[in-house]
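Chemist: Sharing a structure with you now.
In the numbering used here, the protein residues as written are 4 to 199.
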């Protein structure tokens with residue numbers, strides 16, 4: 004009986020600690036998702052997300068819309084469409100981003116394709132090769148739930164960037180945030196414990 008009480012107490016402590024940890028992550032996500040991007044950045048990186056066949060998912064479509072809006076107002080900003088081709092995708096995420104940006108009136112000469120990356124770390128790492136050598140400020144475009152981790156990775160890789168948040172579709176909120184808590188935890192483990 005005493006052992007059962009001890010196990011229940013330990014389980015309760017773990018649950019409380021877990022909830023506190025998730026709350027801290029949520030505060031970080033909220034802090035980063037409301038920051039406004041500066042005008043006239045030298046480049047912006049649109050991070051890829053799932054493509055269904057050839058069509059962007061709702062999550063990716065919102066990133067594309069946010070990027071297009073910024074690019075229309077800042078005509079000297081270069082766009083880097085970032086994302087490889089994953090399972091169930093007929094074209095790369097980068098190609099889907101470029102196609103949709105062009106359909107919204109962005110000249111394709113302003114859009115560069117990084118179509119090899121498979122995750123956020125690679126999105127940033129591989130996109131660095133397309134950044135002009137004289138660039139001073141960049142923008143990372145992704146959804147509200149993803150911006151904190153994306154910017155943390157970009158800072159870790161030495162980029163001077165700001166965030167441009169795209170709305171997270173309601174249908175994707177639960178799944179996206181749940182996965183993001185795990186992805187942030189993995190990033191913390193890799194950076195602070197493993198040292199990647």
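From the three backbone atoms N, C-alpha and C, an ideal C-beta is built for every residue, glycine too.
Assign residue 96 to one of three DSSP states: helix, strand, or coil.
Modeler: Here residue 96 sits in helix by DSSP.
Chemist: Among 175, 9 and 125, which one has its Cα closest to the Cα of residue 50?
Modeler: Comparing Cα-Cα distances from residue 50 to each of 175, 9 and 125, the minimum goes to 125.
Chemist: What are the boundary residues of the beta strand (DSSP E) that includes residue 144?
Modeler: Counting along the chain, the beta strand (DSSP E) containing residue 144 begins and ends at 141-146.
Chemist: With distance defined between alpha-carbon atoms, name the residue in 122, 156 and 147 nearest to residue 263.
Modeler: Within the shown structure, residues of the chain are numbered from 4 to 199, placing residue 263 beyond reach of any answer.
Chemist: With distances taken between CB atoms, is the gap from residue 155 to residue 129 smaller than 8 Å?
Modeler: It is not a contact, given that the beta carbons lie outside the stated cut-off.
Chemist: Taking residue 108 and residue 75 to be in contact with their CB atoms under 8 Å, please state how far apart those CB atoms are, rounded to whole angstroms.
Modeler: Right, their Cβ atoms sit about 7 Å apart.
Chemist: Out of curiosity, what's the CA-to-CA distance linking residue 32 and residue 158?
Modeler: Taking the straight line joining both Cα atoms gives about 16 Å.
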